[in-house]
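In the working numbering, the protein residues as written are 23 to 200. Ideal Cβ positions, reconstructed from N, Cα and C, are used throughout, including at glycine. In what follows, a structure is listed as C-alpha cells, so that the remarks can point back to it.
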C-alpha cells in the first residue's frame, strides 16, 4: 500500500519530445487565447460605438443622394446664386490667402523666438578674472590673518628664517617627522 501512495504523489514523467510537444501546445493555446481576447475587445467596442451612434439605412441614403444633387444645383443657379465654377474659383483664392496668412503668422512666431534666443546668448560673455579683481571676502580674510599674526608673539629669527627654524625644531625632537 505504501508503494501506491508514493506513485500518486510523484509528478508525471515525460520524455524530452513529449515535453516539447506539450510546451508547443501550451504556447499555441496561449496565443489563441490572447488573439481571442483582443478580437472580443474590438468587437465589444465596435458594438458599443454602433449603439451610441445610430445610422440611417444605407440603401435609402444612396437613392436620395443621387436624385437630390441634380435638382439642388439647378435650383441654386435659378435662385440667383453664382455658378459652381465661379464658386470654386473664389474658394481657391481664399485658400491661397489663408495659406499666405498662416505663413506670415509662422514668420512672426519665428521672429519672436529668435529674439528670445538672441537675448539669452548676449548674456553669456567671456569673463576675464584679472579684470574683476578679488572679492571682498578675500580682503577681510587677509586683514584677519594680519591681525592674528600681530597678536601672536614670535621671534624675529623664526620669522626671517623659517626653513632654518624648522630644521632646528626637527633636530631637537620637538617635531617628529615620519
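- Counting along the chain, no alpha helix (DSSP H) covers residue 146, and no H or E run does either.
- DSSP places residue 164 within a helical segment (H, G or I) once states are collapsed to three.
- Rounded to the nearest whole angstrom, the C-alpha separation of residue 38 and residue 63 is 38 Å.
- In the three-state reduction of the DSSP assignment, residue 190 falls in the helix class, which pools H, G and I.
- When the five nearest sequence neighbours on each side are left out, no beta carbon in the same chain lies closer than 6 Å to the beta carbon of residue 44.
- Rounded to the nearest whole angstrom, the C-alpha separation of residue 146 and residue 166 is 35 Å.
- One alpha carbon belongs to residue 59, the other to residue 110, and they sit about 50 Å apart.
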